[in-house]
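Read the structure below first, then the notes.
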Amino acid sequence: MSDKIIKNGRVVADDRLTVILAEGEAPADIAVPAGPVLVPLAVWQARRDELLARARSGDLGVWLAAGEDVAAIADDLGLLQVIGLHFPKFTDGRSYSAATLLRTRYGYQGELRAIGQVLRDQFNYMTRCGFDALQPPAGRYTDAQLEAAVVSIDDFTQPYQRSVQDPLPLFRRVERGTGREVQQ
Amino acid sequence: MYQYDEHDQRLLDERVAQFRDQMRRHLAGELPDDEFRPLRLQNGLYIQRHAPMFRISVPYGHLASRQLRRLAHLARSYDRGYAHFTTRTNVQFNWPKLEDVPEMLAELASVQMHANQTSGNCIRNITADPFAGVAADEVADPRPFAEILRQWATYNPEFAFLPRKFKIAFNSAAEDRVVLRVYDIGLDLVRNDAGELGFRVLVGGGLGRTPILGEEIKPFLPWQHLISYCEAILRVYNRWGRRDNLWKARIKILVKALGPEAFGREVEEEWANSKDGPNTITAAELARVSAHFAPPAYEALPAQDAAFDELLAGNKAFATWVKRNVRTHRQPGYASVVLSLKKTGTAPGDVTAEQMDAIADLAERFSFGEARMLHEQNVALADVRRAELFALWQAARAAGLATPNIGLLTDIICCPGGDFCSLANARSIPIADAIQRRFDDLDYQHDIGEIDLNISGCMNSCGHHHVGHIGILGVDKNDSEWYQVSIGGTQGNGTTLGKVIGPSFAQDEVVGVIEKLLETYVELRHEDERFIDTVQRVGTEPFKARVYADRQPQRKAAHV
Chain A
8 MSDKIIKNGR
18 VVADDRLTVI
28 LAEGEAPADI
38 AVPAGPVLVP
48 LAVWQARRDE
58 LLARARSGDL
68 GVWLAAGEDV
78 AAIADDLGLL
88 QVIGLHFPKF
98 TDGRSYSAAT
108 LLRTRYGYQG
118 ELRAIGQVLR
128 DQFNYMTRCG
138 FDALQPPAGR
148 YTDAQLEAAV
158 VSIDDFTQPY
168 QRSVQDPLPL
178 FRRVERGTGR
188 EVQQ
Chain B
13 MYQYDEHDQR
23 LLDERVAQFR
33 DQMRRHLAGE
43 LPDDEFRPLR
53 LQNGLYIQRH
63 APMFRISVPY
73 GHLASRQLRR
83 LAHLARSYDR
93 GYAHFTTRTN
103 VQFNWPKLED
113 VPEMLAELAS
123 VQMHANQTSG
133 NCIRNITADP
143 FAGVAADEVA
153 DPRPFAEILR
163 QWATYNPEFA
173 FLPRKFKIAF
183 NSAAEDRVVL
193 RVYDIGLDLV
203 RNDAGELGFR
213 VLVGGGLGRT
223 PILGEEIKPF
233 LPWQHLISYC
243 EAILRVYNRW
253 GRRDNLWKAR
263 IKILVKALGP
273 EAFGREVEEE
283 WANSKDGPNT
293 ITAAELARVS
303 AHFAPPAYEA
313 LPAQDAAFDE
323 LLAGNKAFAT
333 WVKRNVRTHR
343 QPGYASVVLS
353 LKKTGTAPGD
363 VTAEQMDAIA
373 DLAERFSFGE
383 ARMLHEQNVA
393 LADVRRAELF
403 ALWQAARAAG
413 LATPNIGLLT
423 DIICCPGGDF
433 CSLANARSIP
443 IADAIQRRFD
453 DLDYQHDIGE
463 IDLNISGCMN
473 SCGHHHVGHI
483 GILGVDKNDS
493 EWYQVSIGGT
503 QGNGTTLGKV
513 IGPSFAQDEV
523 VGVIEKLLET
533 YVELRHEDER
543 FIDTVQRVGT
553 EPFKARVYAD
563 RQPQRKAAHV
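Chains as they are written, first to last, in my numbering: chain A, 8 to 191; chain B, 13 to 572.
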């Protein structure tokens, strides 16, 4: 099974750990492992000064739960290199809006990683909402399946909507016809 | 009617390819049931009581003849020779094979049809006034806006996994013909004092377990901002709508919790960030889409036609049909016709492959090759020359589509119910059938006059029972089917929710209850008063008293 992720449309090895607060654990007390990590928003907020250097280097990123407001990290977007947005279920669509806001309203430029229930049939929508790193659950796909899944990113080549990926809606992006040419 | 360009067609073809691969992986065991389920739902595929159910979208109800013929072909090739027309202008097949659905989608795509987002927690099929472009009381044609919004909603990456389903409707006329206030977003096309076109925006309506009528959050939204404003509503909902409880996840619950004013402020705040941005609709785009809805090539005709008047005077059956099923048209010499799918003995909204072919032929011969679905589960031909009404009537009669009952007692709105639907608590078709058989006499129906009788087999309210003058709701009591009756609901401008008259009834009691309600009306009515007018004037008490008169002693006895 694969511990790889998709980054900018390519399957790559990845060893970033996602730190999860267990029940009863206090953000101020937990040990933050060395090496690349994503820490919960609460840990970042509690220990910002301590973690600042690791964040600047890209070693440490912050992940937000689906219900957490991206405005909470708005002031840190200049220094954070990696942000994770969590999908507790793949049918929970809140992180699509969070990603869109981070990329458009707040102008976040760093890595935006989808974590949690990240499945290939949502890769296209996730990418269009600004995720450039897609991390399926450990063990969900084999390496071969993940390689095969990359094509899902391009399920729709010229979508109708404006999105992070397509800053203009179709009617401003292309010259549209009258439709007569495909009438049967 | 909107014709796809290469971009529309490519997107749809890509969707078919996507779903074909998803089905392949599912059948190969790579895509488990729980992961496949939301994907198939967003392609219209349910797993139902007896078989899969496949729901096809008909945007704002418009069907071309070649599309109707393709539906007929699907009914014959993949189903049991018929389809069902729904209250949301969708078409349902009840007996397809799971593995055939990708091929059915490909067949549909070849005539610019699809099953996009007809289920699932996403933006569903958008509805509009069925008489758009021909109604005399129209402010402006809603179809270009409905099409522009359809494109925005289709495969929208941000709003595919909302807390719950999301339905949008456009009203565009003095008389509301779409039940605007029961929609998640209701867009009421209006002109401001300066004569500019825009929308009065309602939000938070919905039937279902907790019926709520939509409230206005913006009195006038200039049309250019339609997409950006709807996007702001959806974003607020997607972020903050409840996801912890299926029954409290619709936007109506969020709007009610915050209050319409506070919700409106949230939307305004969100909208301030995107207003006047790239989603602003350009005049060129509106013109491009509007060109698809240009009026057909009407002939210059006199308003009166002597031959038609003669036939009307000389043929009572024809005159009755004209009275019930023909509507005035803004173009002199033309009329709109409603073909009834409510013939006694047929489940309301069911239509055979032969009838779909017949409607296609009638549309081609009499109405510029287009038909329109009504949320009342009938089909309209919008642009018929008055001089050809007689010929149309004869042809429609031969196809079983000319029952002169539009707006009358047997023109029942009815969901498929427990005969097909796995959500249902009770069957609804046998109830509709029993009522139609009991009151089949046309003279009696015409004496009773206009009345909306709506039946839903469960709380999900696909049969719009809340807004029926008489509403019947199937409920489950100790594993048996019971029916709760309400009266006083209305659709249209003064949309109101009906009131339940009392304890529910067994299946074989329902017809008797309807009889008593009608008797009470006949006794109490003033001249020219419809059933609903009498209910509104005298209240529900006299009706209740009559219906439960014989039941009282029994219940008392039971307590002894």
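Ideal Cβ placement from N, Cα and C applies to all residues, glycine included. These numbers were taken from a predicted model, which means no experiment stands behind them.
When we look at the beta-carbon of residue i and count the other beta-carbons within 10 Å, is it buried (16 or more) or exposed?
{"i": "G132/B", "result": "buried"}
{"i": "V222/B", "result": "Per the sequence shown, residue 222/B should be read as Thr rather than Val. That one is exposed."}
{"i": "V181/A", "result": "exposed"}
{"i": "I27/A", "result": "exposed"}
{"i": "Q116/A", "result": "exposed"}
{"i": "V559/B", "result": "buried"}
{"i": "N106/B", "result": "buried"}
{"i": "P344/B", "result": "exposed"}
{"i": "L374/B", "result": "buried"}
{"i": "D139/A", "result": "buried"}
{"i": "N466/B", "result": "buried"}
{"i": "M8/A", "result": "Its pLDDT being 46, under 50, M8/A is placed unreliably in this model, and the value from its coordinates should be taken loosely. Exposed, since its Cβ has fewer than 16 Cβ neighbours within 10 Å."}
{"i": "V534/B", "result": "exposed"}
{"i": "K96/A", "result": "exposed"}
{"i": "E273/B", "result": "exposed"}
{"i": "N417/B", "result": "buried"}
Specify the secondary structure class of residue i as computed by DSSP and reduced to three states.
{"i": "K11/A", "result": "strand"}
{"i": "F555/B", "result": "helix"}
{"i": "A570/B", "result": "The pLDDT assigned to A570/B is 43, lower than 50, so where the model puts this residue is not dependable, and the model offers no usable value."}
{"i": "I59/B", "result": "strand"}
{"i": "A29/B", "result": "helix"}
{"i": "A16/B", "result": "The residue asked about is misnamed: residue 16/B is Tyr in this sequence, not Ala. If DSSP states are grouped into helix, strand and coil, Y16/B belongs with coil."}
{"i": "Y598/B", "result": "No statement about residue 598/B is possible, as the shown extent of chain B runs from 13 to 572 and does not include it."}
{"i": "L126/A", "result": "coil"}
{"i": "P272/B", "result": "helix"}
{"i": "L574/B", "result": "Because chain B spans 13 through 572 in this model, residue 574/B falls outside it and cannot be assessed."}
{"i": "D488/B", "result": "strand"}
{"i": "H74/B", "result": "strand"}
{"i": "T134/A", "result": "helix"}
{"i": "E282/B", "result": "helix"}
{"i": "R52/B", "result": "helix"}
{"i": "Q191/A", "result": "Residue confidence for Q191/A is low, a pLDDT of 39 falling below 50, so the modelled location carries little weight and cannot support an answer."}
{"i": "F451/B", "result": "coil"}
{"i": "N505/B", "result": "coil"}
{"i": "F232/B", "result": "strand"}
{"i": "H387/B", "result": "coil"}
Smallest Cα separation from residue i: which of the options?
{"i": "R203/B", "options": "Y195/B, V194/B, A186/B", "result": "A186/B"}
{"i": "L43/B", "options": "Q129/A, D10/A, A29/A", "result": "Q129/A"}
{"i": "P40/A", "options": "K14/A, F94/A, L24/A", "result": "L24/A"}
{"i": "Y14/B", "options": "S240/B, A306/B, V525/B", "result": "A306/B"}
{"i": "A444/B", "options": "G412/B, G271/B, Y495/B, P344/B", "result": "Y495/B"}
{"i": "T507/B", "options": "R193/B, I160/B, T99/B", "result": "R193/B"}
{"i": "R6/B", "options": "A309/B, A244/B, G253/B", "result": "Since the first residue of chain B shown is 13 and the last is 572, residue 6/B is not available in this structure."}
{"i": "G501/B", "options": "A309/B, A561/B, G551/B", "result": "G551/B"}
{"i": "Y113/A", "options": "L238/B, G326/B, S286/B", "result": "S286/B"}
{"i": "S77/B", "options": "Q448/B, A411/B, G381/B, I544/B", "result": "G381/B"}
{"i": "G486/B", "options": "P428/B, K528/B, T532/B, L529/B", "result": "P428/B"}
{"i": "G480/B", "options": "S516/B, V213/B, F66/B, I425/B", "result": "I425/B"}
With residue i and residue j assumed to form a contact (beta carbons below 8 Å), what rounded beta-carbon distance in angstroms separates them?
{"i": "L393/B", "j": "A383/B", "result": "6 Å"}
{"i": "V28/B", "j": "I68/B", "result": "13 Å between Cβ atoms; not a contact."}
{"i": "M35/B", "j": "R82/B", "result": "Actually they do not touch by this definition, with Cβ atoms about 20 Å apart."}
{"i": "L87/A", "j": "I80/A", "result": "7 Å"}
{"i": "A95/B", "j": "D369/B", "result": "Not a contact, Cβ separation roughly 12 Å."}
{"i": "T139/B", "j": "T101/B", "result": "6 Å"}
Q.
Using a Cβ-Cβ cutoff of 8 Å, what residues of the segment 211 to 225 of chain B are near chain A? List them in chain order.
A. none
Q. Between the segment 163 to 174 of chain B and chain A, which residues of the former have a C-beta closer than 8 Å to a C-beta of the latter?
A. Q163, W164, T166, Y167, N168, P169, E170, F171, A172, F173, L174
Q.
Please list, in chain order, the residues of the segment 166 to 184 of chain A that have any C-beta partner in chain B closer than 7 Å.
A. P166, Y167, Q168, R169, S170, P174, L175, P176, L177, F178, R179, V181, R183, G184
Q) In chain order, what residues of the segment 74 to 91 of chain A put their CB closer than 7 Å to some CB of chain B? A) So nothing in the stretch comes that close.
(Q) Which residues of the segment 275 to 286 of chain B have a Cβ closer than 9 Å to any Cβ of chain A? Give them in chain order. (A) N285, S286
Q. Of all the residues that make up the segment 38 to 57 of chain B, which are near chain A by a beta-carbon distance shorter than 7 Å?
A. E47, P50, L51
Q. Name the residues in the segment 243 to 264 of chain B whose C-beta lies less than 8 Å from a C-beta of chain A; which are they?
A. R247, N250, R251, R255
Q.
By the 8 Å beta-carbon criterion, what residues does the segment 91 to 106 of chain A contribute toward chain B?
A. F97, T98, D99, G100, R101, Y103, S104, A105
**Q.** Members of the segment 150 to 164 of chain A near chain C, C-beta cut-off 7 Å
**A.** No chain C appears in this structure, whose protein chains are A and B.
Q) Residues in the segment 436 to 454 of chain B with C-beta within 7 Å of chain A's C-beta atoms, listed in sequence order? A) none
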